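One structure is given here, and the rest of the page talks about it.
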Amino acid sequence: MKKLVILLAFVFTIILLPQHVFAVDFSIENTEINAYLQENGDVQVIEQHTYEFDGDFNGITRTLIPKENTQIIDFQASENNTSLDIEQEENLYKAYRSGSDEEVKVDLSYTIKNGVEVYTDLAQFYWPFFDTSNESTYQNMDIYVYPPQSPQEVLALGYDEAYDTSNIESDGVVHFAMGEVKSGTNGDIRVAYEASLFPSASVLENKTIRENILADQAKLEEEVIAYENRQELLSQISPYIVSGFTLFLLVLFYIAWRKKKSRLWEVDRSSSQAQLLPDQEMSLPATMLYMNHMYPKSNLLAASLLDLVRKGKVNRDGETTFVVVDANTDYPHERLLINWLFYKIGDNGVFSLENLEDYTKKKENYSTYNSDFQHWVQAVKAEIKENDLVDKQIGLRWTIAVAGSLLIPFSILLGVHSLFMWMFFTIFLSITLILFAIIFQPKTVLGLRIKQQWQTLSSNYDNISESEWNDWMKDKQMQAFIYAIGTGNKSMQKRSEDMGHNFAPTHNNPQTNDFVMFMVIAGTLNNHFDNASSSVSAASGSSGGVPGGGAGVGGGGGGSGGF
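Mapping of the sequence shown onto mature numbering (1 follows the signal peptide of the UniProt record, and there is no 0): residues -23 to -1, 1 to 540, in sequence order.
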């Protein structure tokens, strides 16, 4: 449960963090675009953008992606009729105007060559002044389209963000009052006048387009009605779906809690309360790896070699050399460890720290060392797996994962239909269910018992009396110390070392000198294996605008920014 809460907090922190971190903090408070259609088919555009900067800045950016068969020319920028320096990078224009913490109004002007498309009946200006590549929100946008002369017929149509925002004024000027335009959206505008207003422009195609525009208008209206109907339906069913999945999730949490509580009761019933050092229900290497969250480190290797010494399978010959005396091991991973250390790194059943240093000095041995280490670790994990310490609940987890996955398309559907509150709830439920399916692998009674008893040893070891520790047989002392080495428990190591040094050998305790030597060897082994692992470990090793994607009509588009 604790791991699930941590993962949920992490995921939603990522979700709620801003997706882009800009070097310049700004907002575009107001944007006005005036497009003057010329008789030759060109379009002269004047834009005014009002920026509110917070902090230092160097200027603004404007991305203008022309449609096919058009061209952007004569781009200029000014402030209060004072020209600003311009730098162009493909479709990205930078207007330099530095400052700090102030409101800036920048005027941009440019010409769209062949921006008007002339047909036999009508001529249209069909243009995307921004597209989905735009990374800045326009707080308020107004677009005005001016005909070259007063027209007799005007058709106006807006798509996406521009839908239902057009107003045709008495002189034929079309005003698209778009209000707030969020970043990452499209909003193409389409205005058509009679073709006779453009006598100097070339006819693009010898066909009529009036019916096409009217059909587009009718289609958009039908789509809006269908959208509103779906939105109403989704808003009606969302509370039931969210409530149902929430209840399902609460039931899962309750079942998980009940199972854990029942198993903990069984652990308490079956555990021996009289002894501090637990009985070994698995080998020490497997126990240490399990207690270390299945994450192997070099100290596990040193502790496992010491465990072979404790069990009498290996004898020490001095402080740096070990000799195999009994190859009949209890576990496959012990046999692998002996073969690796004493016959591959060492020689004919003898292993020394000098052998280890010589072996890991050669770069050609790095890959083999890592491979052999991982092979041994997998054998230790195999023992853990054989003991069924985890109840994988595969069927239940797959059911939960499928249930969580079903909410993903539903949450997307809610977002598309602007039902953002219900979308957030379904995303939360979906992620929670999927994480639950990944994490929910409750420990069996045996797994809980091993975990609880060895954790109790770790937490209570500092309180063990010296007389109690001295009454332990040598094997128990060594088990506790090896466990401390293998799990990296510095507190247990220090307590064992303090007690080992405090007792002089007596006829009742002749093993004290051996234990002191054992601790010295343990420290040396741990350092050498750590250095060996470090030696063979492989070293693993923007600010500004973006031209944009051109996701608007005809491959055109654009956006605004600051730098």
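Beta carbons are placed, not taken as given, at the ideal position from N, Cα and C, and that holds for glycine.
The structure displayed is predicted, hence computed values, not measured ones.
- Query: Rounded C-beta distance between Leu226 and Leu410? I'm assuming under 8 Å.
  - Reply: The residue given as residue 226 occupies position 249 in the sequence shown. The residue given as residue 410 occupies position 433 in the sequence shown. At roughly 6 Å, the Cβ-Cβ gap stays under 8 Å, so Leu226 and Leu410 are in contact.
- Message: Which residue wins for smallest C-alpha separation from Leu406, given the options Pro216, Pro43, Glu94?
- Response: As a first step, residue 406 is located in the sequence shown; it is residue number 429 there, counting from the start. Its Cα nearest to that of Leu406, the residue Pro216 stands out among Pro216, Pro43, Glu94.
- Message: Among the candidates Phe319, Asn437, Val93, whose CA atom is the shortest distance from the CA of Glu178?
- Response: Taking the first residue of the sequence shown as position 1, residue 178 is located at position 201. With the sequence shown as reference, residue 178 is identified as Ala, and Glu is not the correct amino acid for it. When only C-alpha atoms are compared, the closest one is Val93.
- Task: Go through the region 309 to 373 residue by residue and report every complete run of the beta strand (DSSP E) that reaches 3 residues or more, in order.
- Result: As far as the region 309 to 373 is concerned, its whole beta strand (DSSP E) runs of at least 3 residues are 327 to 329.
- Message: One question on the structure: do Val180 and Val95 come within less than 8 Å of each other, judged by their Cβ atoms?
- Response: Translated into positions along the sequence shown, residue 180 becomes position 203. Translated into positions along the sequence shown, residue 95 becomes position 118. For Val180 and Val95, yes; Cβs fall inside 8 Å.
- Compute the beta-carbon to beta-carbon distance between Leu396 and Ser212, rounded to the nearest angstrom, for a pair I have assumed lies under 8 Å. Within the sequence shown, the letter at position 419 stands for residue 396. Within the sequence shown, the letter at position 235 stands for residue 212. Contact between Leu396 and Ser212 holds, with the beta-carbon distance rounding to 6 Å and staying under 8 Å.
- Just curious, the beta strand (DSSP E) that Ile10 is in, first and last residue? As a working note, residue 10 is residue 33 in the sequence shown. It spans 2 to 14 - the beta strand (DSSP E) in which Ile10 sits, taken as one unbroken run.
- What three-state label does DSSP hand Tyr136 in the structure shown? Along the sequence shown, read from residue 1 onward, the residue named residue 136 stands at position 159. Note: Tyr136 maps to coil in three-state DSSP.
- Message: Is there a C-beta anywhere in chain C that falls below 8 Å from the one on Asn7?
- Response: Any reference to chain C falls outside this structure, which holds one protein chain only.
- Are Glu360 and Ala263 close, meaning C-beta to C-beta below 8 Å? Taking the sequence shown and counting its residues from 1, one reaches residue 360 at position 383. Taking the sequence shown and counting its residues from 1, one reaches residue 263 at position 286. With contacts defined as CB atoms closer than 8 Å, Glu360 and Ala263 qualify as a contacting pair.
- Determine the burial state of Gly289: buried for a count of at least 16 other Cβ atoms within 10 Å of its Cβ, exposed for fewer. By one-based count along the sequence shown, residue 289 stands at place 312. So Gly289 counts as exposed.
- With a CB to CB cut of under 6 Å and the five nearest residues on each side skipped, what residues in its chain are close to Tyr343? What you label residue 343 is simply residue 366 of the sequence shown in a count that begins at 1. Here the set comprises Val513.
- Query: Taking the C-alpha atoms as reference points, what is the distance between Phe417 and Ala378?
  - Reply: What you label residue 417 is simply residue 440 of the sequence shown in a count that begins at 1. What you label residue 378 is simply residue 401 of the sequence shown in a count that begins at 1. C-alpha separation (whole angstroms): 11 Å.
- Query: For Ala12, which residues of its own chain have a beta-carbon under 6 Å away from its beta-carbon, when the five flanking residues on both sides are left out?
  - Reply: Position 35 of the sequence shown holds residue 12. The beta carbon of Ala12 sits closer than 6 Å to those of Val20, Val22, Val122, all from its chain and outside the five residues before and after it, given in chain order.
- Query: For Glu45, is the beta carbon positioned less than 7 Å from some heavy atom of the ligand PLP?
  - Reply: Annotation note on the ligand PLP: not contained in the displayed structure, which lists no ligands.
- How would you call Gly355, buried or exposed, if buried means at least 16 neighbouring beta carbons within 10 angstroms? Here residue 355 is taken as the residue at index 378 of the sequence shown, counted from 1. According to the sequence provided, residue 355 is Gln. The question's Gly does not apply to it. Result: exposed.
- Query: With respect to the beta strand (DSSP E) encompassing Gln21, which residues constitute its N-terminal and C-terminal limits?
  - Reply: Numbered from its first residue, the sequence shown carries residue 21 at position 44. It spans 20 to 31 - the beta strand (DSSP E) in which Gln21 sits, taken as one unbroken run.
- CA-CA distance, Glu146 and Gln53? The residue you call residue 146 lines up with position 169 of the sequence shown. The residue you call residue 53 lines up with position 76 of the sequence shown. Each residue's alpha carbon lies about 29 Å from the other.
- Candidates Lys358, Asp294, Ile166, Glu171, of which the one nearest Asp193 by Cα: Here residue 193 is taken as the residue at index 216 of the sequence shown, counted from 1. Closest by alpha carbon: Ile166.
- Message: What does the alpha-carbon distance come out to for the pair His352 and Ala457?
- Response: The sequence position of residue 352 within the sequence shown is 375, counting from 1. The sequence position of residue 457 within the sequence shown is 480, counting from 1. Going from the Cα of His352 to the Cα of Ala457 covers about 26 Å.
- For Asp51, name the three-state secondary structure that DSSP assigns. Mapped onto the sequence shown, residue 51 falls at position 74. Strand at Asp51.
- Query: Exposed or buried, which one is Pro124 when buried takes at least 16 other CB atoms within 10 Å?
  - Reply: For the purposes of this step, residue 124 is taken as residue 147 along the sequence shown, with counting starting at 1. Per the 10 Å Cβ criterion, buried.
- Where Gly538 and Phe3 are concerned, what is the direct C-alpha to C-alpha distance, given to the nearest angstrom? In the sequence shown, counting from the first residue as 1, residue 538 sits at position 561. In the sequence shown, counting from the first residue as 1, residue 3 sits at position 26. Per the coordinates, the alpha-carbon of Gly538 lies some 8 Å from the alpha-carbon of Phe3.
- Task: State yes or no: is the C-beta of Gln454 within less than 8 Å of the C-beta of Ile462?
- Result: Position 477 of the sequence shown, counted from the first residue, corresponds to residue 454. Position 485 of the sequence shown, counted from the first residue, corresponds to residue 462. Not a contact, by the Cβ cut-off of 8 Å.
- Message: Restricting to Cα atoms, I'd like to know which of Ile322, Asn332, Val367, Ile214 is closest to Thr345.
- Response: On the sequence shown, residue 345 is found 368 positions in, with the first residue counted as 1. When only C-alpha atoms are compared, the closest one is Ile322.
- Task: Return the CA-CA distance between Ile89 and Gly18, expressed in angstroms with no decimal places.
- Result: The residue given as residue 89 occupies position 112 in the sequence shown. The residue given as residue 18 occupies position 41 in the sequence shown. Straight across, the Cα-Cα distance linking Ile89 with Gly18 is about 9 Å.
- Tyr136 and Asn117: beta carbons closer than 8 Å? For this step, residue 136 is matched to residue 159 along the sequence shown. For this step, residue 117 is matched to residue 140 along the sequence shown. Not closer than 8 Å, so no.
- Local conformation of Met455 per DSSP, three classes: In the sequence shown, counting from the first residue as 1, residue 455 sits at position 478. Here Met455 sits in helix by DSSP.
- Item | Reference Asn46, options Leu285, Asp368, Trp104, Gln370, closest by Cα | Within the sequence shown, residue 46 is the residue found at index 69, counting from 1. That would be Trp104, whose Cα lies nearest to the Cα of Asn46.
- Looking at Phe153 and Val81, is the spacing between their C-beta atoms short of 8 Å? Indexing the sequence shown from 1 puts residue 81 at position 104. Indexing the sequence shown from 1 puts residue 153 at position 176. No, the Cβ-Cβ distance between Val81 and Phe153 is not below 8 Å.
- Query: For Gly536, does the count of other Cβ atoms within 10 angstroms reach 16, so buried, or fall short, so exposed?
  - Reply: Numbered from 1 along the sequence shown, position 559 holds the residue referred to as residue 536. Buried, by the Cβ-count rule.
- Which one of Leu423, Met450, Leu314, Lys44 has the shortest CA to CA distance from Arg240? Locating residue 240 in the sequence shown gives position 263, counting from the first residue. It is Leu423.
- Please report how far the alpha carbon of Arg187 lies from the alpha carbon of Ser143, in whole angstroms. Start at 1 with the first residue of the sequence shown, and residue 187 comes out as number 210. Start at 1 with the first residue of the sequence shown, and residue 143 comes out as number 166. Going by the C-alpha atoms only, they are around 18 Å apart.
- Distance between beta carbons of Thr501 and Leu330, contact taken as under 8 Å: Along the sequence shown, one-based indexing puts residue 330 at 353. Along the sequence shown, one-based indexing puts residue 501 at 524. Indeed, because the Cβ distance is near 7 Å, the residues count as touching under 8 Å.
- Asp51 beta carbon less than 8 Å from that of Tyr87: As a working mapping, residue 87 is identified with position 110 in the sequence shown. As a working mapping, residue 51 is identified with position 74 in the sequence shown. The answer is yes: Cβ separation under 8 Å.
- CA-CA distance, Asp78 and Gln129? In the sequence shown, counting from the first residue as 1, residue 78 sits at position 101. In the sequence shown, counting from the first residue as 1, residue 129 sits at position 152. If you take the alpha carbons of Asp78 and Gln129, they lie about 48 Å apart.
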